[in-house]
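Residues 11 to 232 in my numbering are what the sequence shown spells out, letter by letter. First comes the structure, then the notes that go with it.
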Amino acid sequence: MKVRAKFFAALQEITGQKEIDLEVPSGSTPVDLFNTLCQRYPQMERFRDSLLFSINLEFVSPQDRLAEGDEIAFIPPVSGGAGMESTPKKRFLITEDPLPVETLVDEVRTDASGAVVTFVGVVRNSFQGKPVHHLQYEAYKEMAEKKLEQIGTEVREKWPVEDMAIFHRVGKLDIGERSVVIVVAAPHRREAFAACEYAIDRLKEIVPIWKKEFWAGGADWR
11 MKVRAKFFAA LQEITGQKEI DLEVPSGSTP VDLFNTLCQR YPQMERFRDS
61 LLFSINLEFV SPQDRLAEGD EIAFIPPVSG GAGMESTPKK RFLITEDPLP
111 VETLVDEVRT DASGAVVTFV GVVRNSFQGK PVHHLQYEAY KEMAEKKLEQ
161 IGTEVREKWP VEDMAIFHRV GKLDIGERSV VIVVAAPHRR EAFAACEYAI
211 DRLKEIVPIW KKEFWAGGAD WR
């Protein structure tokens, strides 16, 4: 049967491709396919203990069965470090454009909002003592936006928020540029602060976004 394998971040550099169409035996699993690919690309082996798999935009077990036409993504550990429309309507977005923080605040705030809490992540100039020149962010866009929406659902189940938005940049970002913005509007400040902190923590846990740090003489995926 035919399946499509997608690669991101360091795995994309190892394979030299974003995706590959493959013929695999019926009943194959993600780990079976990974083992096959390791024979072709031995450097993939170093991700064996940290790799996650998704089938058709949903995380799955390494032993789940593949079906004809499935799209399977090999997902290395997600990043845990730290022109747009003037009035964006979409609340959960992966974008190459600068993040419109002020516009999002205006969009998310309602007349019932007693508090609007905003988290803005920015690119800093060093990591573990190394001076960083710039970052390169990459995402599995379709799945990442779906996971951002999931975070929004989880937040609404936990706190009485009025509205919220999460935008994340991809592409090259220089020092000081905004990489992520989360805006939460709620009747009271405690709920807004708690929901915003929960959202950024979950983003780092489940959203397939990676960053590559560039410094003098080298670079590395985080």
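Even for Gly, the Cβ is constructed at its ideal location relative to N, Cα and C. As the structure is a computational prediction, the values presented were derived from the model and not from experiment.
Kindly provide the ranges of any alpha helix (DSSP H) runs that are 4 or more residues long and lie completely inside the segment 100–180, ordered along the chain. 111–118 and 151–168
Less than 8 Å between the beta carbons of Thr39 and Pro72, yes or no? Translated into positions along the sequence shown, residue 39 becomes position 29. Translated into positions along the sequence shown, residue 72 becomes position 62. It is a contact, given that the beta carbons lie within the stated cut-off.
Alpha carbon to alpha carbon, how far is Glu201 from Pro170? Give it in angstroms, no decimals. Within the sequence shown, numbered from 1, the residue matching residue 170 stands at position 160. Within the sequence shown, numbered from 1, the residue matching residue 201 stands at position 191. When rounded, the distance between both Cα atoms is 7 Å.
N-terminal and C-terminal residue of the alpha helix (DSSP H) that Lys214 is part of: Here residue 214 refers to the residue found at position 204 when the sequence shown is read from its first residue. From DSSP, the alpha helix (DSSP H) with Lys214 extends over Arg199 to Ile216.
In chain order, what residues of the same chain have a beta carbon less than 6 Å from the beta carbon of Ser123, not counting five sequence neighbours either side? Locating residue 123 in the sequence shown gives position 113, counting from the first residue. Excluding sequence neighbours, Ser123 sits near Glu172 and Ala195.
Starting from Ala195, follow the beta strand (DSSP E) in both directions and report where the run begins and ends. If you number the sequence shown from 1, residue 195 lands on position 185. That run of the beta strand (DSSP E) goes Arg188 to Ala196.
Given a threshold of 16 other Cβ atoms within 10 Å of its Cβ, counted over all protein chains shown, does His178 qualify as buried or as exposed? Working through the sequence shown from its first residue, we reach residue 178 at position 168. The residue in question, His178, is buried, as its Cβ has 16 or more Cβ neighbours within 10 Å.
Over the uninterrupted beta strand (DSSP E) stretch that includes Glu23, give me the two end residues. The sequence position of residue 23 within the sequence shown is 13, counting from 1. Here Glu23 belongs to no beta strand (DSSP E); instead the alpha helix (DSSP H) covers Ala19 to Thr25.
For Ser64, write down the residues that DSSP places opposite it in a beta bridge. By one-based count along the sequence shown, residue 64 stands at place 54. Bridge partners of Ser64: Phe69 and Ala83.
Using DSSP with H/G/I as helix, E/B as strand and the rest coil, what is Leu47? Taking the sequence shown and counting its residues from 1, the one referred to as residue 47 is at position 37. Leu47 falls in the helix class under three-state DSSP.
My output table needs one value for Val41: the three-state DSSP class, helix, strand or coil. Indexing the sequence shown from 1 puts residue 41 at position 31. Helix at Val41.
Can you tell me which of Leu213, Ile185, Phe203 and Leu43 puts its alpha carbon nearest to the alpha carbon of Lys223? On the sequence shown, position 213 is the one that residue 223 refers to. According to the sequence displayed, residue 223 carries Glu and not Lys. Here the closest residue by C-alpha is Ile185.
The beta strand (DSSP E) with Phe224 in it runs from where to where? Locating residue 224 in the sequence shown gives position 214, counting from the first residue. Unbroken beta strand (DSSP E) run through Phe224: Ile219 to Trp225.
For Glu23, count neighbouring Cβ atoms within 10 angstroms of its own Cβ and tell me buried if that reaches 16, exposed if not. Sequence index remark: in the sequence shown, residue 23 carries index 13 (1-based). Glu23 comes out exposed.
Got a sec, what are the start and stop residues for the beta strand (DSSP E) Ala229 sits in? The sequence position of residue 229 within the sequence shown is 219, counting from 1. Segment Gly228 to Trp231, the beta strand (DSSP E) holding Ala229.
Should Lys157 go down as buried or exposed, given a rule of 16 or more other Cβ atoms within 10 Å for buried? For the purposes of this step, residue 157 is taken as residue 147 along the sequence shown, with counting starting at 1. It is buried - the Cβ of Lys157 has at least 16 other Cβ atoms within 10 Å.
The beta strand (DSSP E) that contains Leu76, what's its start and end? Position 66 of the sequence shown, counting from 1, holds the residue named residue 76. Careful: Leu76 lies outside any beta strand (DSSP E) and carries neither H nor E.
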